[in-house]
Amino acid sequence: GAVVSQHPSRVICKSGTSVKIECRSLDFQATTMFWYRQFPKQSLMLMATSNEGSKATYEQGVEKDKFLINHASLTLSTLTVTSAHPEDSSFYICSARDREGGHYNEQFFGPGTRLTVL
Amino acid sequence: QKEVEQNSGPLSVPEGAIASLNCTYSDRGSQSFFWYRQYSGKSPELIMFIYSNGDKEDGRFTAQLNKASQYVSLLIRDSQPSDSATYLCAAGRGGGNKLTFGTGTQLKVEL
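Keeping their order, the protein sequence lines are chains A and B.
Residue 161 is where the first sequence starts when you use my numbering, and the numbers rise one by one after that.
Residue 80 is where the second sequence starts when you use my numbering, and the numbers rise one by one after that.
Dropping the structure here:
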């Protein structure tokens with residue numbers, strides 16, 4: 161149980177294009193999903209918290225107009241990197257919290273999406 | 080001061096030994112604590128979580144929590160080369176709130 165998928169696993173795009181990444185909880189409902197970014201040899205950096213049916217909450221320093229998040233259902237959240245530039249190249253990872261997970265809010269991670277902007 | 084601190088390592092242990100990974104946190108409102116394992120190029124994988132003072136065992140892994148000292152640890156018994164990875168400690172306040180992650184400790188289990 162508690163499987164989270166991401167698509168695509170790897171994407172290479174030209175500078176200026178937009179890239180959409182999907183995060184799905186496969187066997188549970190997730191009212192809350194989280195989007196992280198990780199640069200090589202660095203730790204996870206939380207970008208935003210995505211709540212089903214409401215606007216995402218962005219961390220300080222993360223541009224909400226550049227990183228568009230939509231959480232339209234209890235099993236799907238999407239992150240769109242708009243007008244991507246080489247400095248946006250990173251490993252993007254989503255996680256989801258089981259709606260029935262109770263008080264301890266453990267998060268289950270997707271496999272990640274490696275974005276390379278040329 | 081970082082909210083969750085870990086020694087970056089690398090921590091090297093011989094195969095079969097006990098690996099001890101440590102983590103401290105600054106937010107006394109933290110109620111739940113998590114250990115994740117991350118292999119290079121992969122996403123984190125939940126190993127275990129703990130929320131009560133004391134020890135919690137799961138197979139070769141034991142998590143220890145001391146809220147008075149704001150200290151969490153993970154012991155890995157009979158370490159195997161496949162345990163070589165970065166171990167992330169995370170703390171949460173509960174109620175679906177976000178987790179705060181440490182920077183991770185790199186563990187190397189040597190043959």
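Beta carbons are placed, not taken as given, at the ideal position from N, Cα and C, and that holds for glycine.
Problem set entry | Counterpart residues of residue 167 of chain A in DSSP-defined beta bridges | Stepping through the first sequence from its first residue, residue 167 of chain A is reached at position 7. Per DSSP, A/182.
For this session: Consider the Cβ of residue 209 of chain A: report whether some Cβ of chain B lies at a distance smaller than 8 Å.
Result: For the purposes of this step, residue 209 of chain A is identified with residue 49 of the first sequence, where counting begins at 1. Yes, residue 209 of chain A counts as interfacial toward chain B.
Problem set entry | 6 Å CB neighbourhood of residue 169 of chain B in its chain, flanking five on each side removed | Within the second sequence, numbered from 1, the residue matching residue 169 of chain B stands at position 90. Excluding sequence neighbours, residue 169 of chain B sits near 113, 178, 180.
Exercise. Which first and last residues belong to the beta strand (DSSP E) in which residue 95 of chain B is found?
Worked result: Here residue 95 of chain B refers to the residue found at position 16 of the second sequence. Residue 95 of chain B -> no beta strand (DSSP E), and no H or E assigned at all.
Exercise. Within the 8 Å Cβ cut-off, does residue 122 of chain B reach chain A?
Worked result: Looking up residue 122 of chain B in the second sequence gives position 43. Yes, because at least one Cβ of chain A sits closer than 8 Å to the Cβ of residue 122 of chain B.
For this session: Determine the direct distance from the alpha carbon of residue 174 of chain A to that of residue 109 of chain B, and round the result to whole angstroms.
Result: Residue numbering aside, residue 109 of chain B sits at position 30 when the second sequence is read from its first letter. Residue numbering aside, residue 174 of chain A sits at position 14 when the first sequence is read from its first letter. Cα to Cα, the separation comes out at about 42 Å.
Exercise. Can you find at least 3 beta carbon pairs, one from the region 182-201 of chain A and one from the region 96-108 of chain B, that sit closer than 8 Å?
Worked result: no
Exercise. Could one say the Cβ of residue 181 of chain B lies closer than 8 Å to chain A's Cβ atoms, at least one of them?
Worked result: Stepping through the second sequence from its first residue, residue 181 of chain B is reached at position 102. Closer than 8 Å to some Cβ of chain A, the Cβ of residue 181 of chain B qualifies, so yes.
Exercise. Whose Cβ in chain B lies nearer than 8 Å to the Cβ of residue 203 of chain A?
Worked result: Here residue 203 of chain A refers to the residue found at position 43 of the first sequence. Ordered by position in chain B, the residues that pass the 8 Å Cβ test against residue 203 of chain A are 167, 180, 181, 182, 183.
Exercise. Hey, how far is the Cα of residue 254 of chain A from the Cα of residue 194 of chain A?
Worked result: The residue labelled residue 254 of chain A in the question sits at position 94 within the first sequence. The residue labelled residue 194 of chain A in the question sits at position 34 within the first sequence. CA-CA distance, residue 254 of chain A to residue 194 of chain A, rounds to 5 Å.
Problem set entry | Sequence-distant residues of its chain with Cβ nearer than 7 Å to residue 245 of chain A (five each side left out) | To locate residue 245 of chain A, count along the first sequence from 1; it is residue 85. Excluding residues within five positions, the ones whose Cβ falls inside 7 Å are 175, 277.
For this session: Output, in chain order, the set of chain B residues within a Cβ distance shorter than 8 Å of residue 270 of chain A.
Result: Here residue 270 of chain A refers to the residue found at position 110 of the first sequence. Ordered by position in chain B, the residues that pass the 8 Å Cβ test against residue 270 of chain A are 122.
Exercise. So, helix, strand or coil for residue 152 of chain B, using DSSP?
Worked result: Within the second sequence, numbered from 1, the residue matching residue 152 of chain B stands at position 73. Three-state result, residue 152 of chain B: strand.
Problem set entry | Under 8 Å between C-beta atoms of residue 211 of chain A and residue 240 of chain A | If you number the first sequence from 1, residue 211 of chain A lands on position 51. If you number the first sequence from 1, residue 240 of chain A lands on position 80. Not a contact, by the Cβ cut-off of 8 Å.
Problem set entry | Alpha-carbon to alpha-carbon, residue 137 of chain B and residue 127 of chain B | Numbered from 1 along the second sequence, position 48 holds the residue referred to as residue 127 of chain B. Numbered from 1 along the second sequence, position 58 holds the residue referred to as residue 137 of chain B. Rounded to the nearest angstrom, the two C-alpha atoms are 8 Å apart.
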